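S.K.:
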Amino acid sequence: DCTCPPEFPVCRCGGRRELALVTPKAVQPGDAERSRNPASRSARLRVAEKEAA
Numbered sequence: 001d002c003t004c005p006p007e008f009p010v011c012r013c014g015g016r017r018e019l020a021l022v023t024p025k026a027v028q029p030g031d032a033e034r035s036r037n038p039a040s041r042s043a044r045l046r047v048a049e050k051e052a053a
């Protein structure tokens with residue numbers, strides 16, 4: 001695990017990330033989904049991929 005402070009732009013401790021973000025931001029439901037399913041308005045999908053060991 002990286003032990004660098006969050007304000008560091010680049011890891012300097014030599015630690016490895018466990019997850020890589022697949023989407024830069026959370027994916028929100030589209031207009032069609034919101035009209036079919038009103039409860040989906042609050043849904044947010046975040047995708048991460050496990051890094052190879």
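Counted the way this note's numbering counts, the sequence shown spans residues 1 to 53. Think of the CB as a built atom: it goes at the ideal place given N, C-alpha and C, for glycine as much as any other residue. Computed from a predicted structure; not experimentally measured.
#1: If you pair each beta-carbon of the segment 10-17 with each one of the segment 25-45, do three or more pairs fall below 8 Å?
#2: Can you round the beta-carbon distance between E51 and A20 to whole angstroms, since I take them to be within the 8 Å contact cut?
#3: Distance, Cα to Cα, F8 vs C2?
#4: For the beta strand (DSSP E) that E49 lies in, which residues bound it at each end?
#5: What does a CB cutoff of less than 6 Å around R46 pick up in its chain, not counting 5 residues either side in sequence?
M.R.: If we stick to the structure as given:
#1: With fewer than three CB-CB distances shorter than 8 Å, the segment 10-17 does not count as touching the segment 25-45.
#2: Contact between E51 and A20 holds, since their C-beta atoms are separated by about 6 Å, short of 8 Å.
#3: As the crow flies, the alpha-carbon of F8 is around 11 Å from that of C2.
#4: Residues 48-50.
#5: A26.
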